[in-house]
Structure formats: structure tokens, C-alpha cells
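Here's the structure we're looking at; comments come further down.
2 protein chains.
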Amino acid sequence: MSLLAVGSVAFDSVRTPYGEVHEILGGSATFFSVTASWFTSVCVVAVVGEDFGDEHLGVFRQRSIDTAGLEKVPGRTFRWRGEYLGDMNSARTLETQLNVFESFVPKIPPSYLTSQFLFLGNIGPALQLNVRRALPNLRASALDTMNYWISGTPDDLAKVLATVEILLINEGEARLLSKENNLKKAAAGIKKLGPRAVVIKRGEHGATLFGPESIFTVPAFLLEEVRDPTGAGDTFAGGFMGHLARTGDLADANLRRAAVYGSVMGSFAVEEFGLGRLLRLTQNEIESRYRDIKNLTHFDA
Amino acid sequence: MSLLAVGSVAFDSVRTPYGEVHEILGGSATFFSVTASWFTSVCVVAVVGEDFGDEHLGVFRQRSIDTAGLEKVPGRTFRWRGEYLGDMNSARTLETQLNVFESFVPKIPPSYLTSQFLFLGNIGPALQLNVRRALPNLRASALDTMNYWISGTPDDLAKVLATVEILLINEGEARLLSKENNLKKAAAGIKKLGPRAVVIKRGEHGATLFGPESIFTVPAFLLEEVRDPTGAGDTFAGGFMGHLARTGDLADANLRRAAVYGSVMGSFAVEEFGLGRLLRLTQNEIESRYRDIKNLTHFDA
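This is the structure:
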């Protein structure tokens with residue numbers, strides 16, 4: 002089933018202990034849609050500037066992502082510059098240039114209106130709500146957000162939260178949103194705001210799914226080298242929603258599998274800078290790492 | 002099979018957001034042996050002062066722990082005072098009074114010499130090595146240590162590490178010992194020093210077992226209230242070694258089960274101050290939480 006992704010397309014400049022890249026293709030919609038394209042058909046809504054060239058469009062095309070909703074407007078594409086130090090768990094933002102992203106108003110092409118799954122990447126909650134309302138017949142929608150919106154526009158965020166089935170959020174954001182330090186209480190509080198499933202992303206510690214019927218924890222796959230964590234959260238979301246859209250199955254057991262695919266894809270994302278590893282995958286590699294995570298967590302009753 | 006524990010007996014004064022206790026029974030040998038007593042017969046080697054009364058001895062007796070090696074000497078028992086703030090992941094030590102622990106020399110009663118499993122709690126590595134050498138016919142021995150010994154007496158630590166099968170260590174200590182930030186590389190480095198299994202304890206994120214044949218990750222059981230983390234690491238060790246001693250099985254699959262029992266027991270320890278919850282357990286509660294962790298981590302292949 003078709004999956005629609007809304008979010009940012011960016012040019013990222015990143016420094017980590019493993020090296021440095023300058024203005025490579027990134028952004029939440031990009032990481033999400035490239036990842037989800039390994040699971041299902043994906044269409045994207047985002048805005049880019051005049052500096053977004055055929056080589057960038059080619060990345061989406063290479064993954065057969067529908068770019069009818071990728072709007073090109075006068076100006077420069079969103080830019081982010083940051084660095085990771087030490088334990089690689091959090092980025093230090095050095096520069097943000099919103100550019101064309103500042104006045105982004107998502108426009109849904111008519112051909113996208115039959116999408117059954119929706120991912121609302123981290124953009125303003127009022128914009129997220131407009132997109133959600135334009136798609137009344139979804140099977141399921143998922144939302145990402147961040148501290149900036151949780152603190153800055155709580156009323157708008159509450160409105161869109163009430164319309165989505167799934168919230169994907171990191172640990173610190175879950176605490177801020179729920180005003181609860183304990184994660185179990187935080188997830189219970191967030192569920193009262195709307196979502197029936199809350200996925201709390203915990204970086205190198207994996208993720209915890211507070212599903213409709215049970216709680217599930219998946220670890221991060223252990224790697225010897227984490228080269229660039231940029232996009233890992235959106236990549237997790239891409240694996241998670243990609244699997245749900247591929248199967249059309251929202252039962253508890255399948256949400257667990259989706260969380261494992263999220264962890265699988267996140268582990269590939271961080272192996273190389275930018276989209277590098279995510280563009281060079283095979284289905285066999287994805288399934289093999291799924292089994293690796295099974296082996297990492299299995300024990301006899 | 003019988004399990005011998007060497008470590009500290011202490012009177013702990015602890016403040017957490019949930020309350021405050023004054024001079025309650027604690028210490029590594031205490032938490033370990035009370036926990037392991039739910040799995041197997043345990044004997045303890047430690048030192049206490051004249052202020053260690055019948056009510057304290059009764060705690061060991063209540064759990065049928067052999068206290069022939071609990072030496073009482075003139076002076077006061079080891080005291081620790083600390084507090085936990087915020088996320089409860091690390092204690093702030095406010096005061097340490099070594100007292101009789103300062104001149105502790107472990108003495109192994111002859112009746113202990115048939116023990117088949119050994120836990121060397123966090124004491125000086127030269128003392129740990131003497132104990133290890135006094136017990137040449139062990140099935141397996143496990144070691145705990147801390148930053149103080151890793152930085153202060155690295156040569157002594159290397160000697161005892163070369164003699165043990167299992168190292169239980171927390172995340173920061175593993176990095177310090179191995180001089181590797183990445184946990185997979187850290188564990189590989191530590192294995193070269195002797196242990197065939199390295200268990201890295203990660204607090205609220207659970208633990209990772211780098212076994213002889215595979216890597217296994219177990220989460221912490223999610224609780225709504227973590228009241229007092231004191232002793233959680235020694236309690237994890239008690240569940241881990243207790244299960245190994247009970248079964249006598251050192252195969253990879255059983256090391257995994259042991260790590261789950263470690264997580265099970267650690268989750269009970271933090272529910273109340275001190276030994277409170279660990280003294281009121283039932284076998285049914287232990288097995289029920291083991292199944293809870295199975296349910297928390299299970300997904301279909």
C-alpha cells in the first residue's frame with residue numbers, strides 16, 4: 002500500500018570523528034522516503050530551491066519514489082550544518098539556513114490522495130494538521146515532532162496529535178511532551194493525547210514501542226563503527242512505516258516487527274555518511290540484519 | 002552448586018526523589034548473596050564491625066546464606082552515604098567511611114573450599130586474586146571492579162582478570178578499562194585480558210552479554226517507579242551467577258538466560274529502598290517477571 006511522506010529536504014554539512022561532508026542530500030523526507038522505498042511505494046511532499054539539481058532528483062528516482070509533490074521554488078534549499086562528538090548520541094547544530102523551507106506549505110498532488118499510510122515528518126504542527134485533514138481515508142498516520150514545536154506551539158501540536166495513530170519521538174522529547182520523567186508514564190500520558198502507539202527512540206539503546214496491547218523493546222544493532230548518526234531517527238521511521246504499509250497489518254505483533262525493521266534500517270543509516278549505505282542495500286542484507294537482531298535478543302523461556 | 006561471594010557489607014544512607022533511609026544494610030556481598038540465595042546455596046566472605054548486630058545477621062540467616070566467612074572485627078562497619086537525582090542513573094557519593102573494610106583481608110573458611118562458583122565483588126584486585134587462587138577447582142568465577150581500581154591498580158587488575166571466566170562491569174568502566182569508546186570493540190579488548198564472557202551493565206538500558214559465541218542484549222524491565230538504584234549492579238550479578246550456579250550450565254544459551262535473570266532481579270532491587278523487595282520475593286514472582294521480559298523482547302521471525 003502506498004505511503005506518503007511529508008518533511009524536509011536539506012543539504013547537510015556534517016563533521017564526525019570519522020570525517021566531514023559538505024552539503025550532501027539529507028532532510029527528514031529524504032531519509033524517510035529512501036528507507037521506506039525498500040518496503041513499499043512511496044510518494045513525497047517537500048520543497049526544494051533552485052540549487053536542487055538533477056543529480057539530487059536522481060536519488061529519489063533511483064528508488065522509484067514519486068516526486069510529483071516535490072515542489073521547486075525560487076531560492077536556496079534548506080541547509081543544516083552540525084557535528085557529532087564523543088559518544089555520537091547528539092548533534093551540535095552549528096548553522097541552520099531555513100531558506101525555502103521557511104515558507105513551506107505542503108501541497109498534496111491529486112494522485113497522492115489514494116495513499117493509505119502517512120508519515121508527517123518534523124515540520125510545524127499546523128502544517129502537519131492540514132496534510133492530515135487532506136487525507137481522510139488513511140489506514141494509519143504517524144507523526145514526528147521536536148522540542149521546538151513541543152515548547153513553542155503546544156496547542157497546534159495537540160490538535161494534530163489527536164488525529165494520528167502513531168507518534169515516533171525521541172526519549173527527551175517524550176519527557177518534555179508528557180512532563181513525565183519515567184518513560185512508561187510518559188508513554189501513557191502521550192497516549193491520552195491521541196496516538197494508540199508511541200515509539201520512543203533511544204539512539205544507541207534502540208527503541209521502545211508502547212503498542213495498543215503491549216510494550217516491546219528492540220535494541221540498536223551493535224556496530225563497531227558509527228560514522229554519522231544524521232537521519233537515523235527518520236530512517237527508523239522509514240523502516241517502521243515502510244513495513245506497516247507493505248503489510249497493511251496494524252496488529253500488535255506486526256507493530257513489533259515494524260519496530261525491528263526500524264532498528265535494522267537505522268543501523269544501516271549510521272554506517273556511512275548521509276544516504277550512502279541506504280542507497281546500496283539489498284533485500285537480503287535487510288532480512289539478514291533482521292535475523293541478526295532476532296539472534297541478539299532471543300532467549301529460551 | 003554452591004556459590005561463594007566476596008565483597009563488602011555496608012550500612013547505606015541513601016536519598017532519592019522517593020525518600021531517604023539512614024544506615025540500612027547494604028554492600029556488594031549483601032545485595033549479591035541475598036539475590037543469589039533465590040537460586041542456589043550461597044556462602045559469603047566479608048568483614049563487619051562491632052555495630053553489626055543480630056538483626057543484620059538475621060537477614061543472611063533468613064535467606065539461608067552461610068555466614069561462616071562473615072568476620073566480625075573491632076571497629077565500625079563500612080558506611081556509604083549518597084543520593085540520586087534526576088534520571089536516577091548515577092549516584093552522587095556524599096560520604097564514604099571505610100572503617101573495618103579498609104584493612105579487610107578475605108579469609109576463606111575450609112568449609113567453603115568445595116564451592117564451584119565464585120563472585121569477586123568490587124574490592125581491591127590483589128585481594129580478589131588471593132581469593133581466586135585459594136579456590137583452584139572452580140567451575141566458573143566472575144569479577145566486578147570499578148574506576149578506582151582500573152585507574153589506580155591496573156597491574157593487579159590485569160592479573161586477576163587473567164584468572165576469571167566472566168567480567169561484570171558497567172558501561173563507563175568497560176570504556177575506561179579497554180580504552181575503547183565503542184562497546185563492541187571494548188568487549189573484544191577486554192576478552193583479550195582473560196574473560197570469555199563480558200557482561201556490560203547499562204543501567205536503565207539493560208545489559209549486553211558478549212558471550213563466547215554470540216552477543217545478547219536484554220533490556221531493563223520497565224517500571225513506573227524506580228525508588229532506589231543502590232545495589233542494582235550487584236543484584237544483577239547475583240541473578241546472573243545464581244542461575245549459572247543453580248544449573249551448572251555454562252553454554253551460550255544458558256548465559257543468555259542468566260543475563261535475563263540478572264535483569265529480572267535488578268528490576269526488583271530498585272522497586273524499594275535497600276534489600277526490601279529482595280527479601281519479600283517468591284519464586285513465582287521471579288518466573289513471572291522472566292516471562293514479562295520474554296514478552297517485552299519477543300518478535301516473530
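Chains as they are written, first to last, in our numbering: chain A, 2 to 302; chain B, 2 to 302.
Yeah, the Cβ is synthetic: ideal placement off N, Cα and C, and Gly gets one too.
Short Cβ contact (8 Å threshold) for residue i with residue j
i: Thr94/A; j: Gly83/A; result: yes
i: Ala246/A; j: Phe40/A; result: yes
i: Gly212/A; j: Met2/A; result: no
i: Val265/B; j: Arg228/B; result: no
i: Glu24/A; j: Arg62/A; result: no
i: Gly122/B; j: Phe33/B; result: yes
i: Gly192/A; j: Val200/A; result: In the sequence as displayed, the identity of residue 192/A is Lys instead of Gly. No, these two residues do not count as a Cβ contact at 8 Å.
i: Leu162/A; j: Ile151/A; result: no
i: Glu225/B; j: Lys108/A; result: no
i: Leu178/A; j: Thr209/A; result: no
i: Leu26/B; j: Leu276/B; result: yes
i: Val261/A; j: Phe300/B; result: yes
i: Phe118/B; j: Ala135/B; result: no
Cα-Cα separation, residue i to residue j
i: Phe222/A; j: Lys295/B; result: 19 Å
i: Gly263/A; j: Arg176/B; result: 27 Å
i: Ala259/A; j: Ser38/A; result: 14 Å
i: Phe217/A; j: Thr298/A; result: 12 Å
i: Asp13/B; j: Pro230/A; result: 41 Å
i: Ile124/A; j: Ser29/A; result: 9 Å
i: Phe5/A; j: Asp145/A; result: Phe is not the amino acid found at residue 5/A; the sequence shown has Leu there. For Leu5/A and Asp145/A, the distance between alpha carbons rounds to 14 Å.
i: Ala143/A; j: Arg292/A; result: 26 Å
i: Gly70/A; j: Val60/A; result: 15 Å
i: Arg257/B; j: Val15/A; result: 38 Å
i: Phe274/B; j: Glu72/A; result: 59 Å
i: Tyr113/A; j: Ser65/A; result: 15 Å
i: Arg77/B; j: Ala233/A; result: 53 Å
i: Ala238/B; j: Thr17/B; result: 23 Å
i: Phe120/B; j: Thr236/A; result: 43 Å
i: Gly195/A; j: Gly8/A; result: 21 Å
i: Gln129/B; j: Val74/B; result: 20 Å
i: Gly190/B; j: Glu174/B; result: 13 Å
First and last residue of the uninterrupted beta strand (DSSP E) at residue i
i: Trp81/B; result: Phe79 to Tyr85
i: Lys73/A; result: Asp67 to Lys73
i: Arg255/B; result: It should be pointed out that residue 255/B corresponds to Asn in this sequence rather than to Arg. Premise fails: Asn255/B lies in the alpha helix (DSSP H), Asp253 to Ala270, not in any beta strand (DSSP E).
i: Val1/A; result: Not covered by the structure: residue 1/A. The range shown for chain A is 2 to 302.
i: Val48/A; result: Val43 to Val49
i: Leu168/A; result: Ile167 to Asn171
i: Leu194/B; result: It is not in any beta strand (DSSP E) - Leu194/B carries neither H nor E in the DSSP assignment.
i: Leu5/B; result: Leu4 to Val7
i: Phe211/A; result: Ala208 to Phe211
i: Val227/B; result: Premise fails: Val227/B is in no beta strand (DSSP E) and is neither H nor E.
Residue span of the alpha helix (DSSP H) that contains residue i, given as start and end
i: Gln1/B; result: Since the first residue shown for chain B is 2 and the last is 302, residue 1/B is missing from the structure and cannot be characterised.
i: Asn131/B; result: Pro126 to Ala135
i: Asp55/B; result: Asp55 to Gln63
i: Val200/A; result: It is not in any alpha helix (DSSP H) - Val200/A instead sits in the beta strand (DSSP E) that spans Ala198 to Lys202.
i: Asn123/B; result: Premise fails: Asn123/B is in no alpha helix (DSSP H) and is neither H nor E.
i: Ala159/A; result: Pro155 to Leu162
Proximity to residue i [Cα-Cα], best of the options
i: Leu197/A; options: Glu21/A, Val165/A, Glu56/A and Tyr19/A; result: In the sequence as presented, Leu is not what sits at residue 197/A; that position holds Arg. That would be Val165/A, whose Cα lies nearest to the Cα of Arg197/A.
i: Phe269/B; options: Ile25/B, Gly122/B and Val35/B; result: Val35/B
i: Asn148/A; options: Leu136/A, Ala141/A, Glu172/A and Val161/A; result: Glu172/A
i: Val48/B; options: Val106/B, Asn182/B and Asp157/B; result: Val106/B
i: Asn90/B; options: Arg257/A, Asn182/A, Arg133/A and Asp52/A; result: Asn182/A
i: Val46/A; options: Ala92/A, Ser116/A and Pro75/A; result: Ser116/A
i: Glu21/B; options: Ala159/B, Tyr85/B, Leu178/B and Glu56/B; result: Tyr85/B
i: Glu288/B; options: Leu282/A, Ala302/A and Ala159/A; result: Ala302/A
i: Glu214/A; options: Ala254/A, Lys180/A and Lys185/A; result: Ala254/A
i: Ser154/A; options: Asn138/A, Val132/A, Leu26/A and Ala127/A; result: Note that residue 154/A is Thr in the sequence shown here, rather than Ser. Considering only alpha carbons, the answer is Ala127/A.
i: Arg203/A; options: Leu169/A, Leu178/A and Ala189/A; result: Leu169/A
i: Asn100/B; options: Asp52/B, His57/B, Arg134/B and Val132/B; result: Asp52/B
i: Gly50/B; options: Ala11/B, Tyr19/B, Ser42/B and Thr68/B; result: Ala11/B
i: Asp55/A; options: Val43/A, Cys44/A and Thr68/A; result: Thr68/A
Residue i in three-state terms, based on DSSP
i: Gly239/A; result: helix
i: Asn182/A; result: coil
i: Thr248/B; result: helix
i: Ser91/B; result: coil
i: Ile109/B; result: coil
i: Ser14/A; result: strand
i: Asn100/A; result: helix
i: Asn138/A; result: coil
i: Leu280/B; result: helix
i: Leu144/B; result: strand
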